[in-house]
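Right, one structure below, let's go through it.
Chains as they are written, first to last, in the numbering used here: chain A, 836 to 1110; chain B, 142 to 403.
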């Protein structure tokens, strides 16, 4: 066992394209971030930038203030609820229908035309139409977010299932596996890496649509908060709201990646696209 | 007993009709190790897929024990050039999978998988993932997974074609050892003349356009065979004879292929 263990460890210490190890990659990217922030801060201190562009330190201060006052928590709660509800509904349906379309010609033909017609519509344009029916409510916001989150998950899950090596399915047929077993034990795991790429895009789009739907109509949440701060000329609170949205996105993405790694089993360690 | 009777296979490529196989006759005895040698495009893989039940003849019939082959079955285990293991399962879980498909409980299936892994020399790698193994080790695992179905026939499509020369030699010796002890019927496709001679009781040479059998040559090297067999002077004779057949065949089919390309 020790041999295979050390082999796995060796493979995990894979090098990036430019020959930097993982630790060094992390160091480089954080150094770059610090550099960008320092230059930005320096420019605001010198006074080259217009007054309405705040420096990172001032934004951080405004962020802390917004958090202390309790406004941030009050805004983040409803926003996260909308973004994540819409994301879960949209991406779950997207992955399921995508996998079905990937394995079944009938499903693919059934969905394809509808999908290609509706995909290019900016989903925020549907918001007023949905509001006619449901009003500017959480229901309509979640629905718009779910519709937007559907497409990347659907398309990537479908392409993941379509891209499965046919010989892998032959192995299952050779063993006499039923269609149902083949779907759940071969197609789903084989298509999963690609499907998860779609799910991550869906997550990011959910946050975009979260802000967009909160800006319109009488709403609460981070989007509404930063729009209100803009109207009141409170730019510090506005920037703080933007930072809060970014943080929500980063944290959700990190959680999703952790979940994906657990679902992927030991596959990440070996980097095995083909067995 | 596997029988291929007057099998013809034609594909349509746009307006062209391609003769992949033309009136092929072939019989494989029970327990025989048959190797099929031929250039790419001679239809040898198509023939193997027909024996596996994944493709069907346009004319003629393919039979096992006198019954026509109507689809894939656990009695005929396929091994492909790439191992085709499930990368999300450990090696042990890969080998146990066909057993679980047949209803064997997980614990028993895993115990049997460990036995099979020991047999192919992978006893210590049950917990590894396919991505952590070398090409040769993956092929061993794929062979163990196929053997888990307890097939009577092994259908191998250039299984060592992607391996480096040394690994390939070792794998050939291991395969004859396993086969000798098993009583399996093997149909083994290769484009390596030495491999075909070393492994086969019989080497069938196929030619291209149209795909057909051009030579059927019994290999009378002593069994069991091992690395020492590779020094047998008769190998050189078989080799030069088969080379002659292949050369004649490529000289014949080269103008024909140029014709077809026009």
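Each residue gets a CB set at the ideal place from its N, CA and C atoms; glycine is no exception. Quick caveat, the model's predicted, so the values are computed rather than measured.
Indicate the three-state DSSP secondary structure (helix, strand or coil) for residue i in the structure shown.
i	result
residue 358 of chain B	strand
residue 348 of chain B	strand
residue 847 of chain A	With a pLDDT of 47 at residue 847 of chain A, under the threshold of 50, the modelled position of this residue cannot be trusted, and the question is left open.
residue 900 of chain A	helix
residue 859 of chain A	helix
residue 144 of chain B	strand
residue 231 of chain B	coil
residue 459 of chain B	Nothing about residue 459 of chain B can be read from this structure; chain B reaches only from 142 to 403.
residue 891 of chain A	helix
residue 209 of chain B	strand
residue 1114 of chain A	This structure leaves residue 1114 of chain A out entirely; chain A is present only between 836 and 1110.
residue 972 of chain A	coil
residue 842 of chain A	Interpretation of residue 842 of chain A is limited by its pLDDT of 45, a score under 50 that renders its predicted location unreliable; the figure taken from the coordinates is listed afterwards. Reduced to three states, the DSSP call for residue 842 of chain A is helix.
residue 1107 of chain A	With a pLDDT of only 37 at residue 1107 of chain A, under the threshold of 50, the placement of this residue in the model should not be trusted; the figure read from the coordinates follows. In the structure shown, residue 1107 of chain A sits in coil (DSSP, three-state: anything other than H, G, I, E or B).
List the whole-angstrom C-beta distance separating residue i from residue j, where the pair is believed to meet the contact cut-off of C-beta under 8 Å.
i	j	result
residue 280 of chain B	residue 312 of chain B	7 Å
residue 217 of chain B	residue 188 of chain B	Actually they are not in contact, since the Cβ atoms of residue 217 of chain B and residue 188 of chain B sit about 13 Å apart, beyond 8 Å.
residue 958 of chain A	residue 979 of chain A	6 Å
residue 289 of chain B	residue 257 of chain B	6 Å
residue 1060 of chain A	residue 982 of chain A	In fact, because the Cβ distance is near 24 Å, the residues do not count as touching under 8 Å.
residue 913 of chain A	residue 1000 of chain A	Not a contact, Cβ separation roughly 45 Å.
residue 182 of chain B	residue 349 of chain B	4 Å
residue 946 of chain A	residue 1075 of chain A	About 42 Å; that fails the 8 Å criterion.
residue 194 of chain B	residue 210 of chain B	5 Å
residue 887 of chain A	residue 1071 of chain A	About 11 Å separates the two Cβ atoms, so there is no contact after all.
Is there a Cβ from chain C that is less than 9 Å from the Cβ of residue i?
i	result
residue 1011 of chain A	The question asks about chain C, but that chain is absent: this structure's protein chains are A and B.
Hey, residue i and residue j: beta-carbon distance below 9 Å or not?
i	j	result
residue 333 of chain B	residue 345 of chain B	no
residue 263 of chain B	residue 234 of chain B	no
residue 879 of chain A	residue 893 of chain A	yes
residue 228 of chain B	residue 149 of chain B	no
residue 1022 of chain A	residue 934 of chain A	yes
residue 996 of chain A	residue 937 of chain A	yes
residue 1031 of chain A	residue 1098 of chain A	yes
residue 352 of chain B	residue 185 of chain B	yes
residue 254 of chain B	residue 240 of chain B	yes
residue 145 of chain B	residue 203 of chain B	yes
residue 337 of chain B	residue 329 of chain B	yes
residue 1058 of chain A	residue 1080 of chain A	yes
residue 317 of chain B	residue 365 of chain B	yes
residue 215 of chain B	residue 1026 of chain A	no
residue 326 of chain B	residue 301 of chain B	no
residue 388 of chain B	residue 360 of chain B	no
residue 932 of chain A	residue 992 of chain A	yes
residue 1044 of chain A	residue 984 of chain A	yes
residue 304 of chain B	residue 276 of chain B	yes
residue 219 of chain B	residue 166 of chain B	no
residue 200 of chain B	residue 147 of chain B	yes
residue 315 of chain B	residue 371 of chain B	no
residue 1035 of chain A	residue 1082 of chain A	no
residue 917 of chain A	residue 965 of chain A	no
residue 472 of chain B	residue 245 of chain B	A question about residue 472 of chain B goes unanswered here, because the residues of chain B that appear run from 142 up to 403.
residue 238 of chain B	residue 1020 of chain A	yes
residue 179 of chain B	residue 324 of chain B	no
residue 1042 of chain A	residue 1068 of chain A	no
residue 1002 of chain A	residue 152 of chain B	no
residue 271 of chain B	residue 306 of chain B	no
Between which two residues does the beta strand (DSSP E) holding residue i run?
i	result
residue 217 of chain B	217-220
residue 330 of chain B	326-331
Starting from residue i, trace the alpha helix (DSSP H) both ways and give me its first and last residue.
i	result
residue 949 of chain A	940-953
residue 1014 of chain A	1014-1017
residue 368 of chain B	Neither: residue 368 of chain B is in no alpha helix (DSSP H) and is coded neither H nor E.
residue 884 of chain A	Counting along the chain, residue 884 of chain A falls outside any alpha helix (DSSP H), and DSSP gives it neither H nor E.
residue 1042 of chain A	1023-1050
residue 226 of chain B	Per DSSP, residue 226 of chain B belongs to no alpha helix (DSSP H) and is neither H nor E.
residue 310 of chain B	306-323
residue 334 of chain B	334-340
residue 214 of chain B	Residue 214 of chain B -> no alpha helix (DSSP H), and no H or E assigned at all.
residue 1092 of chain A	1070-1098
residue 998 of chain A	Residue 998 of chain A -> no alpha helix (DSSP H), and no H or E assigned at all.
residue 1064 of chain A	1057-1066
### Task
Ignoring anything shorter than 4 residues or poking outside the segment 237-304 of chain B, list the alpha helix (DSSP H) runs there in chain order.
247-260, 276-288
**Prompt:** Going along the chain, which unbroken runs of the beta strand (DSSP E) with 3 or more residues stay wholly within the segment 160-204 of chain B?
**Reply:** 174-178
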